[in-house]
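Novice: The structure under discussion is supplied below as structure tokens; questions concerning it will follow.
Number of protein chains: 2
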Amino acid sequence: MPSTLDVALPHPFDPLGTVEIEEAISIVTKAHGELFFNVVSLLEPRKAEMTAWLANPDTAPRPTRVAEVVAIAKGGKVYDGLVNLAEGTITKWELLNGLQPIITMEELIAVEHICRKDPKVIEQCELSGVPREEMHKVYCDPWTIGYDERFGSQVRLQQALMYYRPDVDTCQYQYPLDFCPIFDVEKQAVIHIDIPKVRRPLSKTKPIDYHPTAVEATGGYRQDIKPIHITQPDGVSFQITGREIEWQRWKFHIGFNYREGIVLNNITFNDKGTVRPIFYRLSLAEMVVPYGNPEHPHQRKHAFDLGEYGAGYMTNSLSLGCDCKGAIHYLDAEFPTRSGGTRTIKNAICIHEEDAGILFKHTDFRDDSVIVTRARKLIIQQIFTAANYEYAIQWIFHQDGTIQPDIKLTGILNTYALNPDEDTDGWGTQVYPGVNAHNHQHLFCLRIDANVDGPRNTVFAVDAVPSEHPVGSAENFYGNGFGAKRTKLDTTGNAATDYNGATSRTWDMVNPSKIHPYSGKPASYKLVSREVPGLLPKEGSLVWKRAGFARHAVYVTKYRDDQLWPAGRHVPQTSGEPSQGIPEWIGDGSESVEDEDIVLWHTFGVTHIPAPEDFPVMPAEPITLLLRPRNFFLSNPVLDVPPSYACTPSQVAAAGAGALDATDRMSRLAFETNGAAACCGSNGAANGHASNGTNWS
Amino acid sequence: MPSTLDVALPHPFDPLGTVEIEEAISIVTKAHGELFFNVVSLLEPRKAEMTAWLANPDTAPRPTRVAEVVAIAKGGKVYDGLVNLAEGTITKWELLNGLQPIITMEELIAVEHICRKDPKVIEQCELSGVPREEMHKVYCDPWTIGYDERFGSQVRLQQALMYYRPDVDTCQYQYPLDFCPIFDVEKQAVIHIDIPKVRRPLSKTKPIDYHPTAVEATGGYRQDIKPIHITQPDGVSFQITGREIEWQRWKFHIGFNYREGIVLNNITFNDKGTVRPIFYRLSLAEMVVPYGNPEHPHQRKHAFDLGEYGAGYMTNSLSLGCDCKGAIHYLDAEFPTRSGGTRTIKNAICIHEEDAGILFKHTDFRDDSVIVTRARKLIIQQIFTAANYEYAIQWIFHQDGTIQPDIKLTGILNTYALNPDEDTDGWGTQVYPGVNAHNHQHLFCLRIDANVDGPRNTVFAVDAVPSEHPVGSAENFYGNGFGAKRTKLDTTGNAATDYNGATSRTWDMVNPSKIHPYSGKPASYKLVSREVPGLLPKEGSLVWKRAGFARHAVYVTKYRDDQLWPAGRHVPQTSGEPSQGIPEWIGDGSESVEDEDIVLWHTFGVTHIPAPEDFPVMPAEPITLLLRPRNFFLSNPVLDVPPSYACTPSQVAAAGAGALDATDRMSRLAFETNGAAACCGSNGAANGHASNGTNWS
């Protein structure tokens, strides 16, 4: 088997391929018999080993391919294991106690079928107004139970959020049922049903749907959108070797795993010939979606979509011209099946460029000499479906050194039943008759393994503040003095910081050893993030305990291999006592994170008070943030991007002679009656007057 | 003359055309002799008259065309006037005292030429190291003086920020001179020079430039960007009648004036046949750019770019394929010249559509039935050059009822001289040797004349807050309860509110009489704005006094004709004692703004601590905010936008038969070796298995 692997040697950051997954499963099955496989995934190379190899790929030892395996044996025993694929050996096989691994799609899909046949569920459906002969119209979204103190974490459980579809094509989220079966994965049976005190029978409202038949029945599609074509006749501006991409000075490796989905490794920027490291690893590492209805059992609705379900496992297969337009490159994803087979998600990642508007422009008001340069961006995208919701995750790279993680929320609201004339008590909104969409937050945890000109970095909180001196004082006579207050986050405890909208707080990841020759400030990447609502569940609450990472907007930890998951390695059914992940790692907060190999964890997101406009499917809602180079480049790094048009003062004086005109010749006037639109400067330059097209009379 | 106007009757919101401007000037000149014209602009129709006409254009009286004229007579006398164009009469001619009107481009351009010949300026140049025979290499950016207590406001003054160009094509902002002449517009002479105690001779550093010759000399342009073509073979999806545009249910009038630039009037949305008013008028009404260096005379650098210079007067002539791509419609702008002529800025506004990514998407994890629909956006854009800076203002309309004002900052930093080894003291950054770019803010004031289902609206501040009940209490046992706290802003005093990042504060403009039948909440438009740094100059400071509008993120006033300018009607040389505009209008704060015709004023922006990456020209920095319908539409208003792909559960079961596939056929794979990318669902549907392209083995 190792010989097979040698044929096409994967990059050490490459996800396990189908052959490697099969090999790992085969090795484990031989040793331990039949198992359910929850995880068979690359154990990423240890950083010390990997950085040595990256520095000297020809001479340093190539990191070994190791598979991380999480499997469940009969009886619900959970094992954490490692398989050395080069040697074909199991190097770790550990029985876990009271921990539940990530849930698989197969575990989820099984629940609905069993619920439909369960007599107690059928009884509840009948009580709700669904006749027993319509059980095929009953659907459930199985979630992990989250944590329920009545059941603890020894038994693997799911909660089944129940719905009804009058027709197979009708969206079930408009017909929620009011009870919640608890499903035992090991027993493959419903072991309990949570029944509310106030019953809410099935809504009789007529359906509202987004599928074509429904739209056609209510007036049809609008006919007034003319096509926009986006084409790249000469191909794309990026190069891909395996999973390594190069584009506009950037170079990085695009990984993918079951949990985080896209992982970007070894992100560097070629700064005029010098390859400068910026981030060792970037990923969305966790998220939590707490719902704000305090009534039992809604407190259990606080999905950790990455740790409990996996952004990789739930990812969509993308398609040309739908999920993005232009010239697209796709990468597939390979995963184990629960029973020990493999599956491939075709087109799990799409990679494409987009025109990004104006990169820079300046006109001199004296003579209308002008330069205008258009920007391009590179987008690495995945979209995953977390039951009702969809998350479109874009990693956007800009030419100026900015990286922009961008998330669009769409899909369907999680809903619960509401009786006619029942009040939501402010915990939700009736978005459709009988449909209560509860308040919720989407809180994402971005893991930033900083490598700004090397691994030893320090983080500063930066606040824009007025001068401390009063108006009228010698130091601030007119009162206009202001500047940036920089607070060094020297220990893990001091680094736990919140957003401050009043001071436009940002966080700088700096290399204290690289001082900018002009500004005298250290080379840095600045985290600019403005959607930072903070965790609304209270201190001491179940969510607060389980989602320790979300208590502050920023944490900084010292890098350690395997500290990848901010809510802990195995998230389902954790009680939060003690909190796993970041709170566990920072302990008493005394560890130094100054001038160390550090990881910055940033929780951002949105608080969503639903409205009827979000139903029956939500128009995409954007969340974005920026990682920007500051005092990193000597000067503006995009001066050499070819301008669309440039005309200098001397060229204006020579009536435009020698002006650079690389204007896009594909653009057209919307209406021909409008007369020809002049290219920049050509109008005025031609008549020897103001070249911006101003005609003075 | 009225007969000429009758030929092509302008819409009452249309800006004055060239003929109308000429007519107004002619009438005024006949009555009052030779004048300098600072403003000849449409006096927008009184709202009562206009709304009556809008409601019944065939029967109600058509509002008369009235020109607002501001002119300066010999001796520096400033007049505010009104000219009734239908009757050819001057209805107002008022001599102002101690007020200075907006500055014109001609007033600005004159200063440099006179400074170059002024003996005292030449003397200072020589002291700085510029020989007198190089005075043609000396440039100045004339700014209004702002306010300088030594000179007051009776004399019309400019301050000249001085620079040097070693070569005519070299950007002067890298060679600032350290002194500041004061220019008297009436005398056309330098009347004073501010000379700093510490002198800073001309920098000898070699230039860094962005013009093609400079880039070619330092390695040339990058060659690795392949073209992206954006085309609309069937034309655009909008219709224009005069200056009224209709697009995707939206309809509004696009005005333009010398001061605000783009003005959008009578914004309505056709909601399934019912034309619903949303905003009577939207514009960027003012801005202030305070600089944070407290040393004299830098406190004078706090440009009110709209009130002092005019976003219309400074606007660029745009060009095809440079400032935007695709199929573009342009509108011109017509202005008076100072001497009483007219000028036309060709292509002052560009209007185009862009693909806007995914509008909504949902996949059912059970069977991979899926719908994916792409979004379109409409962009109304202008770009203006305020001396060193450029502002690209985009008014973006989305299909889902969202309006997104979006501003991109680019151009060049305002700079000042720095001696070698001199410290910036934290008030700026040395972005290039000898170049100190001072800290500054860009604070924009958005004027929102709300008309949410009619003129009588109320504003609420909305904060996302945890339940008031403690963890463990019956009301909030698990501690997860949270909701929206709504605070009614009932008076102008109570409505003066700040941003709160901790509660993700938004502001709802609601119509209390229009209750949503599902949610029970009033129809509203929500202001979602996250870049709200607050004014950093201290309370009582010069900027705080002059820019009263910027003291809070939101003000609400009762609508009054002519209350258009939040820093006052005539901004140059105001002392701020008392503060003009909003502070003057709200007075003691007791006026009711509940269920009234109201205007919401929102100040947002960015605090900019410069970095070398911003020099010599700044990569565009974005600022954006959203105006979103909440509880306004019955349901998602974009269900009828044709999907790219839709396959229902029954179609999945029938192996994809009947699926709607309108996928863009222009998109291509980036590399042919990659194999064909399946259209959504077709992969799996074809093999009767998981239709999202997941292959299970």
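Protein chains in written order, with the UniProt record's numbering: chain A, 1 to 697; chain B, 1 to 697. Beta carbons: idealized from backbone N, C-alpha and C, even for Gly. The model shown is predicted, which means the values in this text are computed figures rather than measured ones.
Rounded to whole angstroms, how far is the Cβ of residue 701 of chain B from the Cβ of B/Leu443, which I believe are closer than 8 Å?
Specialist: This structure cannot settle anything about residue 701 of chain B, because the visible part of chain B is limited to 1 through 697.
Novice: Does A/Cys115 have its Cβ less than 8 Å from a Cβ in chain B?
Specialist: no
Novice: What three-state label does DSSP hand B/Thr51 in the structure shown?
Specialist: helix
Novice: Pick from B/Asp141, B/Arg150, B/Glu149 and B/Lys117: whose alpha carbon is nearest that of B/Glu134?
Specialist: B/Lys117
Novice: Specify the secondary structure class of B/Lys117 as computed by DSSP and reduced to three states.
Specialist: helix
Novice: Which partner residues does B/Gln239 have in the DSSP bridge list?
Specialist: B/Glu246
Novice: Quick one: complete beta strand (DSSP E) runs, 3+ long, within the UniProt domain "Copper amine oxidase N3-terminal" (101-202) of chain A?
Specialist: List check, beta strand (DSSP E) in window: 138-144, 157-164, 180-184 and 189-194.
Novice: With contact counted as at least three CB pairs below 8 Å, one residue from each stretch, are the region 526-537 of chain A and the region 476-490 of chain A in contact?
Specialist: no
Novice: Whose C-beta lies closer than 7 Å to the C-beta of A/Leu542 among residues of the same chain, with five residues either side of it excluded?
Specialist: Tyr147, Gln299 and Gly576
Novice: Please return the same chain residues whose Cβ sits closer than 6 Å to the Cβ of B/Thr648, not counting the five positions on each side in sequence.
Specialist: Take B/Thr648, set aside five residues on each side of it, and the residues of its chain with a beta-carbon closer than 6 Å to its own are Ser369, in chain order.
Novice: Restricting to Cα atoms, I'd like to know which of B/Val599, B/Glu149 and B/Val121 is closest to B/His136.
Specialist: B/Val121
Novice: Quick check: what's the CA-CA separation for A/Cys140 versus A/Leu409?
Specialist: 22 Å
Novice: Would you check if the region 61-71 of chain B and the region 9-25 of chain B touch, i.e. whether three or more CB-CB distances between them fall below 8 Å?
Specialist: Output reads yes: the region 61-71 of chain B touches the region 9-25 of chain B.
Novice: Shorter than 8 Å from the beta carbon of B/Thr104 to some beta carbon of chain A?
Specialist: no
Novice: Counting beta carbon pairs with one atom in the region 381-388 of chain B and one in the region 400-420 of chain B, are three or more of them shorter than 8 Å?
Specialist: yes
Novice: For B/Gly307, list the residues DSSP reports as bridge partners.
Specialist: None, per the DSSP bridge assignment.
Novice: Hey, does B/Tyr313 have any beta-carbon neighbour from chain A nearer than 8 Å?
Specialist: no
Novice: Does A/Phe460 get closer than 8 Å to chain B when you measure Cβ to Cβ?
Specialist: no
Novice: DSSP three-state label for B/Glu584, please.
Specialist: helix
Novice: What would DSSP say about A/Asp463, mapped onto helix, strand or coil?
Specialist: If DSSP states are grouped into helix, strand and coil, A/Asp463 belongs with the strands.
Novice: Within the continuous beta strand (DSSP E) that includes A/Lys558, where are the two ends?
Specialist: Its beta strand (DSSP E) spans residues Val554 to Lys558.
Novice: Taking the CB atoms as reference points, tell me whether B/Ile102 and B/Gly340 lie closer together than 8 Å.
Specialist: Between B/Ile102 and B/Gly340, the C-beta spacing is not below 8 Å.
Novice: Apart from the five residues on each side of it in sequence, which residues of its chain come closer than 6 Å, Cβ to Cβ, to B/Ala417?
Specialist: Correct list, in chain order: Pro176, Asp178 and Arg200.
Novice: Keeping to the same chain, check which residues put their C-beta closer than 7 Å to that of A/Arg551; ignore five residues upstream and five downstream.
Specialist: Cβ neighbours of A/Arg551 within its own chain (closer than 7 Å, five residues either side excluded): Leu535 and Trp544.
Novice: Starting from B/Asn500 and walking both ways along the beta strand (DSSP E), at which residues does that stretch end?
Specialist: First-last for B/Asn500: undefined, no H or E at that position.
Novice: Quick one: using the 10 Å Cβ neighbour count with 16 as the cut-off for buried, is B/Val431 buried or exposed?
Specialist: buried
Novice: Quick check: A/Pro233 and A/Pro207, are their CB atoms within less than 8 Å of each other?
Specialist: no
Novice: Tell me, please, whether the CB atom of A/Gly479 is closer than 8 Å to any CB atom in chain B?
Specialist: yes
Novice: Which residue wins for smallest C-alpha separation from B/Arg222, given the options A/Thr373, A/Tyr163 and A/Arg276?
Specialist: Out of A/Thr373, A/Tyr163 and A/Arg276, A/Thr373 has the C-alpha closest to the C-alpha of B/Arg222.
Novice: Which residue from B/Val465, B/Asp421 and B/Val510 puts its Cα closest to that of B/Arg456?
Specialist: B/Val510
Novice: Rounded to whole angstroms, what is the Cα-Cα separation between A/Lys526 and A/Gly520?
Specialist: 16 Å
Novice: Let me know if B/Asn56 comes out buried or exposed under the rule of 16 or more other beta-carbons within 10 Å of its beta-carbon.
Specialist: exposed
Novice: Answer yes or no: does any C-beta atom of chain A fall closer than 8 Å to that of B/Gln430?
Specialist: Chain A, which has a Cβ nearer than 8 Å to the Cβ of B/Gln430, makes this yes.
Novice: Around the C-beta of B/Leu9, are 16 or more other C-beta atoms found within 10 angstroms, so that it is buried, or is it exposed?
Specialist: B/Leu9 should be labelled exposed.
Novice: Can you pull the chain B residues whose beta carbon is under 8 Å from the beta carbon of A/Leu378, in chain order?
Specialist: In chain order: nothing, as chain B lies at least about 11 Å away.
Novice: Using a beta-carbon distance cut-off of less than 9 Å, what residues from the region 628-646 of chain A approach chain B?
Specialist: Arg628, Pro629, Arg630, Asn631, Phe632, Phe633, Leu634, Ser635, Asn636, Pro637, Val638, Leu639, Asp640, Val641, Pro642, Pro643, Ser644, Tyr645 and Ala646
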